[in-house]
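Per the numbering used here, the sequence shown starts with residue 3, numbered consecutively.
Remarks on the structure that follows.
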Amino acid sequence: MKIAIIGGIGSGKSTVLGIVRELGFAVRSADEINNELLSDKQYLRLLGAAFPDVIVEGKVDRDNLRAQIFTDKAKRLMLNNIAHPLIKRRIAVIDDDPLFVEIPLIIESNMHEDFDEIILVRSKMRKRLKRIKQRKYMKGMAMKVIRAQMSDKKLLPYSSIVVNNDGTLDELKQIVKEVVDYLLKDTNTDL
């Protein structure tokens, strides 16, 4: 069983993924896979061809790339067309069962049909902005990222379960444990 964890920036997807990892399940993050790709020479060549000014001394200037893709929709789509098929291929060959994957752009990457279940993590905007600020994002860039992503309302029809992340960490841990137990109740009687 492959289970996606989706939601907007600052919603708590990574925290949910971490809780699932603590519960002992296999997890992956599309962002981690993308970071791995950043050391792949073929991927760097593709990025360099599309964004020549973001490759500096053989490495990606992430701040420059981020600034470009969140201010220019065409560039964001170009990057997605390069990265998403490669990320999708890497996820497809993982044979852990169950596998939980944090994937922020599941609809945009057309990967929603690759998962058996989709968990939407959502949170109030003020909490999201507070979490984003802790990551040292400038508020203007945070708002650009939020506007570039699909809203919870648009993600909801694709989701089989919704996790509201507006409480404490302990409350979130309990919710995630209940969700995992529910999802896997028919596949593993040891839970």
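We treat Cβ as the ideally placed atom computed from N, Cα and C, and that holds for glycine.
In this text, all values refer to a predicted model and were calculated from it rather than measured experimentally.
Around the C-beta of residue 176, are 16 or more other C-beta atoms found within 10 angstroms, so that it is buried, or is it exposed? Position 174 of the sequence shown holds residue 176. Classification for residue 176: exposed.
Among 29, 67, 27, which residue has its Cα nearest to the Cα of residue 46? The sequence position of residue 46 within the sequence shown is 44, counting from 1. The shortest C-alpha separation from residue 46 is found at 67.
Element boundaries [alpha helix (DSSP H), containing residue 4]: For the purposes of this step, residue 4 is taken as residue 2 along the sequence shown, with counting starting at 1. Element bounds for residue 4: not the alpha helix (DSSP H) but the beta strand (DSSP E), 4-8.
Cβ-Cβ separation, residue 14 to residue 174 (assumed contact under 8 Å), whole Å: Taking the first residue of the sequence shown as position 1, residue 174 is located at position 172. Taking the first residue of the sequence shown as position 1, residue 14 is located at position 12. Residue 174 to residue 14, Cβ: 7 Å. Contact.
Proximity winner among 57, 29, 27, relative to residue 40 (alpha-carbon distances): The sequence position of residue 40 within the sequence shown is 38, counting from 1. Nearest option by C-alpha distance: 57.
Residue 146 to residue 84, Cα distance in whole Å? Along the sequence shown, one-based indexing puts residue 146 at 144. Along the sequence shown, one-based indexing puts residue 84 at 82. Roughly 21 Å between the two C-alpha positions.
Of the residues 104, 44, 79, 157, the one placed nearest residue 62, counting alpha carbons only: Here the question's residue 62 lines up with position 60 in the sequence shown. Here the closest residue by C-alpha is 44.
Alpha-carbon spacing of residue 164 relative to residue 122, whole angstroms: As a first step, residue 164 must be located in the sequence shown, where it is residue number 162. As a first step, residue 122 must be located in the sequence shown, where it is residue number 120. Near 5 Å, if we compare the C-alpha coordinates of residue 122 and residue 164.
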